[in-house]
Amino acid sequence: MQRSDTERKILLELLKDSSRSIVEIARATGISRQTVAAKLRHLKGKIRFTIRLNSADLGLSTRAYVFIKEKPDPVLRKRLEDEVKKMKEVGRFYRLFGRYSSVLEVLVRNEDELSGVIQKIHRLGGIEETETFIVRGVVKEEPEEPFIRVLQCGSK
């Protein structure tokens, strides 16, 4: 969807720091605070404000990606989706093309908890194979950068 220059400027400022006030965003963008407020009302439901926590500070020191190869049965796949959506250890669940049919991002306290999550997944049935990759270090974690790139390119 094409965004106006005004919306792009506001979104870029929010990506930098979503806790800023309307007045601060208006000052940074050179847009009136009334226009900023109106644009934010218009964008409500299309954008979401959140915080990023340090998982290790909260005792969640094991992050893993669990790749799943499922049987080609739509009923079993739907069941997996429904059950994984309920699992609080799973932060992201993506469907894939390729060797594996899905991947889960799991965040837990330790490898014992991770093992429990994987066992729970296998008990759901319809799983042919899983392969788990434990993250040993983060080199880059900037999920907003692709959005910033697109928003900046749109204003050129």
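Residue numbers for the sequence shown follow this note's numbering, so the first one is 9 and each next one is one higher.
Note that the Cβ used here is the ideal one computed from N, Cα and C, for glycine as well.
In this structure, residue 64 keeps its C-beta atom at 9 Å or more from the C-beta atom of residue 113. Here DSSP, grouped into helix, strand and coil, assigns residue 54 to coil. When C-beta atoms of the region 100-108 are compared with those of the region 52-60, fewer than three pairs fall below 8 Å, so the two segments do not count as touching. Within the region 56-133, the runs of alpha helix (DSSP H) at least 4 residues long that lie entirely inside it are, in chain order, 82-94 and 119-131. Short of 8 Å from the beta carbon of residue 152, and not among the five residues preceding or following it, lie these beta carbons of its own chain, in chain order: 23. DSSP, reduced to helix, strand and coil, places residue 30 within a helical segment of the structure shown.
For the pair residue 26 and residue 70, the CB atoms are not nearer than the 9 Å cut-off. For residue 136, the enclosing beta strand (DSSP E) has its first and last residue at 135-142.
The C-alpha of residue 30 is placed about 50 Å away from the C-alpha of residue 137.
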